[in-house]
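Q: Protein chains in written order, with my numbering: chain A, 723 to 916; chain B, 723 to 916.
Note that CB positions come from ideal geometry on N, CA and C, so glycine has one too.
These numbers were taken from a predicted model, which means no experiment stands behind them.
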DNA sequence: AAATCAAGCGGAGGTTCCTCCACTTCGATC
DNA sequence: GATCGAAGTGGAGGAACCTCCGCTTGATTT
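(1) Does any C-beta atom of chain A lie closer than 9 Å to the C-beta of residue 795/B?
(2) Say whether chain B places a C-beta atom closer than 9 Å to the C-beta of residue 751/A.
(3) Examine chain A for any beta-carbon lying closer than 9 Å to the beta-carbon of residue 844/B, and answer yes or no.
(4) Can you give the beta carbon distance from residue 858/B to residue 871/B, rounded, assuming they're within the 8 Å contact cut?
(5) Check the Cβ-Cβ distances between residue 876/B and every residue of chain A, and say whether any is below 9 Å.
(6) Under 9 Å, Cβ to Cβ, is there at least one residue of chain B near residue 781/A?
(7) Can you tell me whether residue 782/B is buried or exposed? The criterion is at least 16 other CB atoms within 10 Å of its CB, across all chains shown.
(8) When the Cα atoms are used, what is the spatial distance from residue 817/A to residue 829/B?
(9) Rounded to whole angstroms, what's the CA-CA distance from residue 906/B to residue 866/B? Just pull it up for me.
(10) Where does residue 757/B sit, in a helix, a strand or coil, going by DSSP?
(11) Determine the chain B residues that contact residue 893/A at a beta-carbon separation under 9 Å, and present them in chain order.
(12) State the Cα-Cα distance for the pair residue 879/A and residue 734/B, rounded to the nearest angstrom.
(13) On a CA-only basis, which of 835/A, 893/A, 731/A, 869/A is nearest residue 814/A? Give me that one, please.
(14) To the nearest angstrom, how far is it from the Cα of residue 747/A to the Cα of residue 729/A?
(15) Run down chain A in chain order and give the residues with a C-beta less than 8 Å from the C-beta of residue 731/B.
(16) Please report the residue range of the alpha helix (DSSP H) in which residue 901/B lies.
(17) Taking DSSP as the reference, what is the three-state secondary structure of residue 827/B?
(18) At the level of alpha carbons, what is the spacing between residue 704/A and residue 868/B?
(19) Kindly say whether residue 852/B, judged by its beta-carbon, lies nearer than 9 Å to any beta-carbon of chain A.
(20) Tell me which residues share the same chain as residue 860/B and place their Cβ nearer than 6 Å to its Cβ, disregarding the 5 neighbours each side in the sequence.
(21) Since residue 886/A and residue 820/A are thought to touch, with beta carbons under 8 Å apart, how far apart are those beta carbons, to the nearest angstrom?
(22) Cutting at 6 Å between CB atoms, please list the residues of its own chain near residue 757/A, excluding the five before and the five after it.
(23) Report buried or exposed for residue 741/B, applying the criterion of at least 16 other Cβ atoms within 10 angstroms of its Cβ.
(24) List the residues of chain B that residue 835/A touches, going by C-beta distances under 7 Å, in chain order.
(25) Output the boundary residues of the alpha helix (DSSP H) element that contains residue 820/A.
(26) Does the beta-carbon of residue 912/B have 16 or more other beta-carbons within 10 angstroms, so that it is buried, or is it exposed?
(27) Using a cut-off of 8 Å between C-beta atoms, extract the partners of residue 862/B located in chain A.
(28) Starting from residue 928/A, trace the alpha helix (DSSP H) in both directions and tell me its first and last residue.
(29) Answer yes or no: does any C-beta atom of chain A fall closer than 9 Å to that of residue 908/B?
(30) Within 9 Å (strictly less), CB to CB, does residue 857/A reach chain B?
(31) Do we get a CB-CB distance below 9 Å when we pair residue 901/B with the residues of chain A?
(32) So that I know if they touch, is there some Cβ in chain B lying closer than 9 Å to that of residue 897/A?
(33) When we look at the beta-carbon of residue 777/B and count the other beta-carbons within 10 Å, is it buried (16 or more) or exposed?
(34) Applying the criterion that 16 or more other CB atoms from any shown protein chain within 10 Å of the CB defines a buried residue, is residue 726/B buried or exposed?
(35) With distances taken between CB atoms, is the gap from residue 959/A to residue 875/A smaller than 9 Å?
(36) Can you have a look at residue 842/A and say buried or exposed, based on whether 16 or more other CB atoms are within 10 angstroms of its CB?
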């Protein structure tokens with residue numbers, strides 16, 4: 723399971739690549755030639771590709787920390803806000819995260835799409851975050867109890883990516899409102915809130 | 723407005739490219755080198771790029787007919803089914819269309835994203851189709867009257883693209899059900915009988 | 001401290017993308 | 001049917017992608 727630890731030089735290279743990637747990605751946008759990253763890190767292009775087999779893997783690794791923060795803030799949100807509102811607020815952060823870290827778009831696509839190896843960690847974390855929010859909402863009776871967190875994550879990422887392409891913040895807000903509506907319990911009898 | 727008509731040879735080339743593209747796209751998948759298309763059509767690569775400035779433009783043009791059919795079927799659906807059911811059925815077709823014409827994924831992304839020039843026609847057609855379905859649903863009281871067709875199209879395409887990446891038909895179905903729920907009128911008092 | 005060898009490195013090279021612009025061809029005009 | 005400008009062509013070439021494999025080097029064993 724735990725792959726044997728990297729050789730010292732390999733670890734050094736990996737870290738250097740990551741450091742450079744973080745800097746360069748936020749500086750020159752998500753399209754930087756990988757060759758440039760490798761050069762700047764003082765390693766060959768082959769080395770970069772061995773450590774990060776795809777561009778997405780690199781971006782994912784580079785933004786791992788930010789992604790952790792996004793997931794961790796769920797607990798805070800649930801303290802401050804009612805569950806449905808917390809979910810809605812989290813959606814906004816999700817979207818912001820996506821548009822700020824411009825490079826994350828394609829990485830997220832890959833991340834959500836693959837059930838697979840290289841993103842397992844990030845993916846699980848996101849699913850967990852959604853699950854927590856949904857559970858809280860279900861207990862409070864504010865959200866449906868019959869939707870899978872994974873489904874919500876996929877739909878949410880799809881909507882956010884499409885909205886991000888559109889470059890229209892207001893629209894993004896409307897779409898997220900709309901999607902939240904889908905997660906409310908189906909109409910029953912008198913719905914008396916507020 | 724109407725750009726002057728193409729010169730005879732240009733039109734010939736354009737048509738040849740399109741014919742080849744249709745064949746090659748369905749034969750070799752969406753990643754075919756554009757150079758191959760050009761070669762097979764007996765024109766230079768430069769010519770291909772002038773007629774279709776991006777890969778997406780070519781794919782869009784190649785599947786124009788299919789897309790028309792998708793949009794045209796709305797009327798039929800509305801004859802056979804109640805509006806909400808018709809919309810739901812149309813969503814399925816939309817999704818099928820997307821996954822069958824594998825190449826259409828990225829083209830659709832571009833198409834929905836851009837408010838702009840090269841896809842204006844396709845985009846309008848899709849928006850119209852959605853608008854028709856929504857209008858019917860609103861009149862029947864089955865769907866909300868306060869959502870913009872464009873918003874629905876963007877969300878729908880996002881969801882479908884994400885689901886298509888996932889390669890899981892069941893999930894796609896669930897996500898579309900979920901999204902449909904978002905379009906139902908908000909709970910009011912006594913909700914419908916049945 | 002020498003020997004061993006898997007783990008790791010790097011970059012040449014094949015492939016595709018897309019731009020650019022000198023040249024060719026069309027078709028309108030005389 | 002000759003002329004000429006605009007419209008269109010094609011492919012060379014520069015940039016980036018990614019793979020492959022012969023060479024180098026760190027760790028381990030003696």
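A: Reading off the structure:
(1) It does not; no Cβ of chain A falls within 9 Å.
(2) No Cβ of chain B is located within less than 9 Å of the beta carbon of residue 751/A.
(3) Output row for residue 844/B: interface = no.
(4) About 12 Å; that fails the 8 Å criterion.
(5) Yes, because at least one Cβ of chain A sits closer than 9 Å to the Cβ of residue 876/B.
(6) Judged by the 9 Å Cβ criterion, residue 781/A is not in contact with chain B.
(7) By the neighbour-count rule (16 or more Cβ atoms within 10 Å), residue 782/B is buried.
(8) A straight-line Cα-Cα distance of about 23 Å links residue 817/A and residue 829/B.
(9) Rounded to the nearest whole angstrom, the C-alpha separation of residue 906/B and residue 866/B is 5 Å.
(10) Note: residue 757/B maps to helix in three-state DSSP.
(11) By Cβ distance, chain B contributes 870, 872, 873, 876.
(12) Roughly 42 Å separates the two Cα atoms.
(13) Taking each of 835/A, 893/A, 731/A, 869/A in turn and checking the Cα distance to residue 814/A, the smallest one comes out for 893/A.
(14) Between residue 747/A and residue 729/A, the C-alpha separation is close to 27 Å.
(15) Using a Cβ-Cβ cut-off of 8 Å, residue 731/B is close to nothing in chain A; its nearest Cβ partner there is about 36 Å away.
(16) Residues 891 to 905.
(17) Here residue 827/B sits in helix by DSSP.
(18) Since the first residue of chain A shown is 723 and the last is 916, residue 704/A is not available in this structure.
(19) Contacts with chain A at 9 Å (Cβ-Cβ) do not include residue 852/B.
(20) Only 867 meet the Cβ criterion.
(21) Sure, about 6 Å apart at Cβ, within 8 Å.
(22) Close CB contacts of residue 757/A within its chain, under the 6 Å cut and outside five residues either way in sequence, are with 767 (chain order).
(23) Residue 741/B comes out exposed.
(24) Correct list: 887, 888.
(25) Counting along the chain, the alpha helix (DSSP H) containing residue 820/A begins and ends at 805 to 822.
(26) Because residue 912/B sits at a pLDDT of 49, beneath the cut-off of 50, its placement in the model cannot be relied upon, and the following sentence gives the value as read from the coordinates. Exposed, since its Cβ has fewer than 16 Cβ neighbours within 10 Å.
(27) Those within 8 Å of residue 862/B in chain A number zero; the least Cβ separation is about 16 Å.
(28) The structure shown does not extend to residue 928/A, since chain A spans only 723 to 916, so no value can be given for it.
(29) In terms of beta-carbon proximity, residue 908/B lines the interface with chain A, with at least one pair separated by less than 9 Å.
(30) Cβ-Cβ to chain B under 9 Å: no for residue 857/A.
(31) It does: the Cβ of residue 901/B has a partner Cβ on chain A nearer than 9 Å.
(32) True, the Cβ-Cβ gap to chain B drops below 9 Å.
(33) Looking at its Cβ environment, which holds 16 or more other Cβ atoms inside 10 Å, residue 777/B is buried.
(34) Burial call: exposed.
(35) The question about residue 959/A has no answer, for chain A in this structure spans 723 to 916.
(36) By the 16-neighbour rule on beta-carbons within 10 angstroms, residue 842/A is exposed.
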